[in-house]
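Everything on this sheet refers to the single structure shown next.
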Amino acid sequence: MSAMGDKTHNAGSTSTYAPHQQSSRRSSWSSRDVAYVAAFAALFIAMAFVSIPIGVAGVPIVMQNAIAIMAGMILGRRRGTAAIGLVLILGLIGLPVLAGGRSALSAFAGVSGGYVIGYLISAWVCGAIAEITPRRRPLQTVLFVIVSVLGIFVQYFFGAIWMVVIKGFSLKAALTSQLAFIGPDLVKMIVVGLIASGVAAAFPRLLPEPR
Numbered sequence: 007m008s009a010m011g012d013k014t015h016n017a018g019s020t021s022t023y024a025p026h027q028q029s030s031r032r033s034s035w036s037s038r039d040v041a042y043v044a045a046f047a048a049l050f051i052a053m054a055f056v057s058i059p060i061g062v063a064g065v066p067i068v069m070q071n072a073i074a075i076m077a078g079m080i081l082g083r084r085r086g087t088a089a090i091g092l093v094l095i096l097g098l099i100g101l102p103v104l105a106g107g108r109s110a111l112s113a114f115a116g117v118s119g120g121y122v123i124g125y126l127i128s129a130w131v132c133g134a135i136a137e138i139t140p141r142r143r144p145l146q147t148v149l150f151v152i153v154s155v156l157g158i159f160v161q162y163f164f165g166a167i168w169m170v171v172i173k174g175f176s177l178k179a180a181l182t183s184q185l186a187f188i189g190p191d192l193v194k195m196i197v198v199g200l201i202a203s204g205v206a207a208a209f210p211r212l213l214p215e216p217r
């Protein structure tokens, strides 16, 4: 009777703790995850050297906005956001990680602080949508391009809100300042969508599956 009780207890313990252990394994990060985050953070910082001033509200055309979206779409929402978050942490301690050799502190002191926040949010949004996007091509390619475009408008939204609320721009001036970026950014987003879709096809296990 005691032996049967022990077996019952052990079975109950196994059923109780197995889901918890599986959940822990799913939520823990491997060294490979850390390497992916570090690689995209490094790529984002490398793109700091690409900055084209156009004289609109003091905000230049950059490549980092595209890398932020690409990070989410290739790595998924958690790792993609972590990559951009790591860069922003470095920028907040004064390192020149943003376009034009600026730190995050200098960006937040100027008109482009909202775009920096938008980098982080767009990585999460685009990563979250990419994870639930059907993996069938060419449908995935088309949807990835659409998601990329959505991501850039997320960045525009936070950029405009920052200009209006923090810097005192009128809403019209904040929205007008975005117009010069739309053409170049749409081209970049098409390229981002194509690249992300190609990577997803070549490395299907890189982008996390929806849970």
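Numbering (the working numbering), first residue to last: 7 to 217. Positions of the beta carbon are idealized from the N, C-alpha and C atoms, including for glycine. No experiment lies behind these values; they were computed from the predicted model shown.
Within 8 Å, strictly: CB atoms of residue i and residue j
i    : j    : result
Q161 : S203 : no
A105 : S57  : yes
A136 : A89  : no
S109 : G119 : no
L92  : V43  : yes
G199 : W130 : no
K194 : A72  : yes
C132 : G157 : yes
A166 : L149 : no
F163 : Y121 : no
I80  : P190 : no
Outcome for residue i when other beta-carbon atoms lying within 10 angstroms are tallied against a minimum of 16
i    : result
W168 : buried
S30  : Low local confidence applies: a pLDDT of 44 at S30 is under 50, so the model's placement there is unreliable, and no value is given.
F50  : buried
G18  : Low confidence applies to G18: its pLDDT is 48, below 50, so where it sits in the model is not reliable, and the reading given next is rough at best. G18 comes out exposed.
A208 : exposed
G174 : exposed
A206 : buried
R85  : buried
S34  : exposed
Cβ-Cβ separation, residue j to residue i (assumed contact under 8 Å), whole Å
i    : j    : result
A45  : G107 : 22 Å between Cβ atoms; not a contact.
I201 : M76  : 7 Å
V155 : L192 : 7 Å
Close-in-space but distant-in-sequence residues of the same chain around residue i (CB under 6 Å, 5 per side omitted)
i    : result
I138 : P216
G82  : G133, E137, L213 and P214
Y125 : A74 and I90
A113 : L104, G119 and V122
M69  : M53 and V56
Proximal residues to residue i (C-beta, below 7 Å), its chain only, five neighbours per side dropped
i    : result
V197 : none
I127 : V160 and F164
V170 : L177 and A180
Residues of its chain near residue i, where Cβ-Cβ distance is below 8 Å and the 5 sequence neighbours each way are ignored
i    : result
P140 : Q146 and L149
Where are the beta strand (DSSP E) runs, 3 residues long or more, that stay fully inside the stretch 144-215, in chain order? Runs found: none.
At what residue ranges does the stretch 31-79 contain a whole run of the beta strand (DSSP E), taking only runs of 3 or more? Within the stretch 31-79, no complete beta strand (DSSP E) segment of 3 residues or longer occurs.
In the stretch 76-105, which residue ranges form an unbroken beta strand (DSSP E) of at least 3 residues, counting only runs that do not cross its ends? List check, beta strand (DSSP E) in window: nothing returned.
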